[in-house]
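A.B. asks:
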């Protein structure tokens, strides 16, 4: 089935709910937005490609969901509230059923956060999808990677390693209740928007875990110009991950797997009582390490130095 | 040559000149910007792919230049002033020489308009490049496609058909002074930012000509819910196009060629004296038609109805 470019836009991506900060949405040369005078503007852009970020047989729904989720995760890591998105869709063919499914996945997530599609581009080409998401954060404080201080404790939301383990079970065509949970964690990452909003006034530094805990923790250290020690025994692992993989594999997934889209953040000792409940905005948080003066990334198990199998995920390093 | 993703970002795309409206640029999970209280925010996003928007052997410089130029053209069509960009780069390999050349082309154009790179994504994949550009426009008036009224005259900036003719001569490997001019018009489209800014208070409707005059004029009509008659005899054609193609071909390039990135705009009769000099912000403008109550797109030559060979460019329709 072949559809014209403009038919595609009209049929599947016509504007739905309209926001007061969107003056002119989809359909013109550009969108016009009303800046909020009491907020800073936050913008993120992420790209996903077939065979690199998702498997070739992934459903349109899951691709659409993921394309937005990974972007919302970046806004969560800034403590920002999402507001609108632009979508660039490069597709080899204009398949109506796939597009309908894609749009459903995209908008199911978008509607949950009142994110309006304001424009973008559709072109013929290999399957590569870019979403640019915009939102707002209070002027007095937002989260960055660079605010950590020695002595700050290091936390993560949720559990680590599920998504990467889920990808493994997808590739190995494993069917089980546990595998199904892990696969969902890979296919439909849950952006931690509410946690990010709550952490805005709690965390000293934050980022999302997309390339794997160790790779991302190293970036946080570098931005803060300090070091970190990760306590491997403390890593929060799901029951499903524990049930499906032996200890070596689950630690490898949790440390280096990528695609978790949890938040990694640091908290100064004097703010720690704000995490006393063990959760933020309903999401469990776990202390997994500490920021130290000595630069670099270190792991320990049972109080002893520990060398992980590998570090993180780098698209180009896989060449 | 293979480079890590983060080395790429650091080596070629590190932030240069910083703008006062950019609070936090490249290097974190998202960028943080300072909204202007006296302006509306304008956002556009365009994607270009190898073999669809540029030929396979196009230099990195020309790809980088084009990726931004087509986006700036959208801002020009809104009468907006560009400010920053995000870049998504999907590339099969991380070739340092190509990337350096790409960055040079991108930044040569960006620096001309004081556009700051604030973030984006680099992934391994087929060559697909998306740029998202942001800028500002005065709160009282900006340009859209939908403001035209019956009786308004229709104008274009510059000349039409050069880019598409240039692509033809590139494909046919023609070397001549004229071909070189036409090829430059294809390879380095000049966004009409200054003209767009000046037209903000002159034009009743505007858009950029990217898919070909007829295809884009049809969109402008549809947005305004009126019709248009294009006077084919009036089309502004460059000396180089006239010298290189016979009458039938040059009219076809001018009407349907695409990639012109000139501005198509309408002006009410009472504002026409503002175009008396025949130029806007130093760019020649030519009257090519009139808006009419009867919907639809019509062409005429010598006062008689004229049927063009084909209409415009639609990526997916080429399948």
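Chains as they are written, first to last, in this note's numbering: chain A, 1 to 319; chain B, 1001 to 1319. Just so you know, even glycine gets a beta-carbon here, dropped at the ideal spot from N, CA and C.
Against chain B, with Cβ distances strictly below 8 Å, would residue 244/A count as a contact?
C.D. replies: Along the first chain, read from residue 1 onward, the residue named residue 244/A stands at position 244. Chain B contact via Cβ: absent.
A.B. asks: Roughly how many angstroms lie between the CA atoms of residue 1299/B and residue 1087/B, to the nearest whole one?
C.D. replies: Stepping through the second chain from its first residue, residue 1299/B is reached at position 299. Stepping through the second chain from its first residue, residue 1087/B is reached at position 87. Rounded to the nearest angstrom, the two C-alpha atoms are 39 Å apart.
A.B. asks: Let's see if you can read the secondary structure: which residues bound the alpha helix (DSSP H) around residue 168/A?
C.D. replies: By one-based count along the first chain, residue 168/A stands at place 168. Per DSSP, residue 168/A belongs to the alpha helix (DSSP H) from 162-171.
A.B. asks: According to the neighbour-count rule (16 or more other Cβ atoms, all chains shown, within 10 Å of its Cβ), is residue 49/A buried or exposed?
C.D. replies: For the purposes of this step, residue 49/A is taken as residue 49 along the first chain, with counting starting at 1. Buried.
A.B. asks: Mind checking whether residue 217/A and residue 264/A have CB atoms under 8 Å apart?
C.D. replies: Here the question's residue 217/A lines up with position 217 in the first chain. Here the question's residue 264/A lines up with position 264 in the first chain. For residue 217/A and residue 264/A, yes; Cβs fall inside 8 Å.
A.B. asks: Quick one: does residue 56/A have its CB under 8 Å from some CB of chain B?
C.D. replies: Locating residue 56/A in the first chain gives position 56, where the first residue counts as 1. No, residue 56/A lies away from the interface with chain B (no Cβ there is under 8 Å from its Cβ).
A.B. asks: Of all the options 1156/B, 1201/B, 1170/B, 1090/B, which has the alpha carbon lying nearest to the alpha carbon of residue 1271/B?
C.D. replies: The sequence position of residue 1271/B within the second chain is 271, counting from 1. Closest option to residue 1271/B, Cα to Cα, is 1201/B.
A.B. asks: Hey, how far is the Cα of residue 1074/B from the Cα of residue 31/A?
C.D. replies: Position 74 of the second chain, counted from the first residue, corresponds to residue 1074/B. Position 31 of the first chain, counted from the first residue, corresponds to residue 31/A. Answer to the nearest angstrom: the Cα atoms are 10 Å apart.
A.B. asks: Could you have a look at residue 78/A and say whether DSSP puts it in helix, strand or coil?
C.D. replies: Residue numbering aside, residue 78/A sits at position 78 when the first chain is read from its first letter. Note: residue 78/A maps to helix in three-state DSSP.
A.B. asks: Any Cβ of chain A within less than 8 Å of the Cβ of residue 1098/B?
C.D. replies: If you number the second chain from 1, residue 1098/B lands on position 98. By this cut-off, residue 1098/B is not an interface position.
A.B. asks: Can you give me, in chain order, the residues of the region 1143-1167 of chain B that have a beta carbon less than 7 Å from any beta carbon in chain A?
C.D. replies: Those would be 1144, 1145, in chain order.
A.B. asks: Mapping the DSSP letters down to three states, classify residue 1051/B as helix, strand or coil.
C.D. replies: Numbered from its first residue, the second chain carries residue 1051/B at position 51. DSSP places residue 1051/B in coil when its eight states are reduced to three.
A.B. asks: How about residue 1210/B and residue 1155/B: do their beta carbons lie closer than 8 Å?
C.D. replies: Your numbering for residue 1210/B matches position 210 in the second chain. Your numbering for residue 1155/B matches position 155 in the second chain. Cβ distance not < 8 Å, so residue 1210/B and residue 1155/B don't count as in contact.
A.B. asks: Pull the bridge partners of residue 289/A from the DSSP assignment, please.
C.D. replies: Taking the first residue of the first chain as 1, we reach residue 289/A at position 289. In the DSSP output, where bridge partners are listed per residue, residue 289/A has 154/A, 230/A.
A.B. asks: Are the region 133-143 of chain A and the region 217-235 of chain A touching by the rule of at least three beta carbon pairs closer than 8 Å?
C.D. replies: Flag = no, the region 133-143 of chain A and the region 217-235 of chain A do not touch.
A.B. asks: Checking contacts by CB at 8 Å: is residue 208/A closer than that to chain B?
C.D. replies: To locate residue 208/A, count along the first chain from 1; it is residue 208. With 8 Å as the cut-off, residue 208/A counts as an interface residue toward chain B.
A.B. asks: Compare the C-beta of residue 118/A with all C-beta atoms of chain B and state if any pair is closer than 8 Å.
C.D. replies: Within the first chain, residue 118/A is the residue found at index 118, counting from 1. For residue 118/A, the answer is yes, since a Cβ of chain B falls inside 8 Å of its Cβ.
A.B. asks: For residue 303/A, which of helix, strand or coil comes out of DSSP?
C.D. replies: Taking the first chain and counting its residues from 1, the one referred to as residue 303/A is at position 303. If DSSP states are grouped into helix, strand and coil, residue 303/A belongs with coil.
A.B. asks: Would you say residue 319/A reaches chain B, if we count a Cβ-Cβ gap shorter than 8 Å as a contact?
C.D. replies: Within the first chain, numbered from 1, the residue matching residue 319/A stands at position 319. With a pLDDT of only 34 at residue 319/A, under the threshold of 50, the placement of this residue in the model should not be trusted; the figure read from the coordinates follows. Yes, contact with chain B.
A.B. asks: Which whole-angstrom value is the C-beta distance of residue 19/A and residue 116/A, which I expect to be below 8 Å?
C.D. replies: Sequence index remark: in the first chain, residue 19/A carries index 19 (1-based). Sequence index remark: in the first chain, residue 116/A carries index 116 (1-based). Contact flag correct, Cβ pair sits at about 5 Å.
A.B. asks: Between 302/A, 81/A, 273/A, which has its C-alpha nearest residue 138/A's C-alpha?
C.D. replies: Position 138 of the first chain, counted from the first residue, corresponds to residue 138/A. With distances taken between Cα atoms, residue 138/A lies closest to 81/A.
A.B. asks: Please tell me whether residue 181/A and residue 167/A are closer than 8 Å, where the distance is taken between their beta carbons.
C.D. replies: As a position in the first chain, residue 181/A is number 181, starting the count at 1. As a position in the first chain, residue 167/A is number 167, starting the count at 1. Taking 8 Å as the Cβ cut-off, residue 181/A and residue 167/A do not qualify as a contacting pair.
A.B. asks: Tell me which residue opens and which closes the beta strand (DSSP E) that residue 265/A is part of.
C.D. replies: Position 265 of the first chain, counting from 1, holds the residue named residue 265/A. Where residue 265/A is concerned, the enclosing beta strand (DSSP E) stretches over 262-267.
A.B. asks: Could you tell me the alpha carbon to alpha carbon distance between residue 170/A and residue 1124/B, rounded to whole angstroms?
C.D. replies: For the purposes of this step, residue 170/A is identified with residue 170 of the first chain, where counting begins at 1. For the purposes of this step, residue 1124/B is identified with residue 124 of the second chain, where counting begins at 1. Rounded to whole angstroms, residue 170/A to residue 1124/B spans 21 Å at the Cα level.
A.B. asks: Do the region 1226-1239 of chain B and the region 1283-1294 of chain B touch if we need at least three Cβ pairs shorter than 8 Å?
C.D. replies: Touching, yes, given that three or more Cβ pairs across the two stretches are closer than 8 Å.
A.B. asks: Leaving aside the five residues before and after residue 1002/B along the sequence, list all residues of the same chain whose C-beta is less than 8 Å from its C-beta, in chain order.
C.D. replies: Here the question's residue 1002/B lines up with position 2 in the second chain. Confidence at residue 1002/B is low in this model, with a pLDDT of 49, below 50, so the placement of that residue is unreliable and no value is reported for it.
A.B. asks: Quick check on residue 138/A: does DSSP put it in helix, strand or coil?
C.D. replies: The sequence position of residue 138/A within the first chain is 138, counting from 1. The answer is strand: DSSP assigns residue 138/A an E or B state.
A.B. asks: Distance cutoff 8 Å, beta carbons only. Does residue 36/A sit that close to anything in chain E?
C.D. replies: Checking the listed chains, one finds no chain E in this structure; the protein chains it contains are A and B.
A.B. asks: Give me the Cα-Cα distance between residue 105/A and residue 1047/B, rounded to the nearest whole angstrom.
C.D. replies: Translated into positions along the first chain, residue 105/A becomes position 105. Translated into positions along the second chain, residue 1047/B becomes position 47. Going from the Cα of residue 105/A to the Cα of residue 1047/B covers about 22 Å.
A.B. asks: Any Cβ of chain A within less than 8 Å of the Cβ of residue 1086/B?
C.D. replies: Mapped onto the second chain, residue 1086/B falls at position 86. Yes, its Cβ sits closer than 8 Å to a Cβ of chain A.
A.B. asks: Listing by chain order, which chain A residues have their CB less than 7 Å from the CB of residue 1049/B?
C.D. replies: Looking up residue 1049/B in the second chain gives position 49. Neighbours of residue 1049/B on chain A, chain order: 90, 123, 125.
A.B. asks: Measuring only the C-alpha atoms, how far is residue 1161/B from residue 1190/B?
C.D. replies: The residue you call residue 1161/B lines up with position 161 of the second chain. The residue you call residue 1190/B lines up with position 190 of the second chain. Answer to the nearest angstrom: the Cα atoms are 14 Å apart.
A.B. asks: Buried or exposed for residue 1295/B, please, with buried defined as at least 16 other CB atoms from any protein chain shown within 10 angstroms of its CB.
C.D. replies: Taking the second chain and counting its residues from 1, the one referred to as residue 1295/B is at position 295. Under this definition residue 1295/B is an exposed residue.
A.B. asks: When you compare the CB of residue 18/A with every CB in chain B, is at least one pair closer than 8 Å?
C.D. replies: As a first step, residue 18/A must be located in the first chain, where it is residue number 18. With 8 Å as the cut-off, residue 18/A does not count as an interface residue toward chain B.
A.B. asks: Can you find a C-beta in chain B that's less than 8 Å from the C-beta of residue 24/A?
C.D. replies: Residue numbering aside, residue 24/A sits at position 24 when the first chain is read from its first letter. Chain B contact via Cβ: present.
A.B. asks: Of all the options 1098/B, 1152/B, 1286/B, which has the alpha carbon lying nearest to the alpha carbon of residue 1008/B?
C.D. replies: Along the second chain, one-based indexing puts residue 1008/B at 8. If we check each option's Cα against that of residue 1008/B, 1098/B comes out closest.
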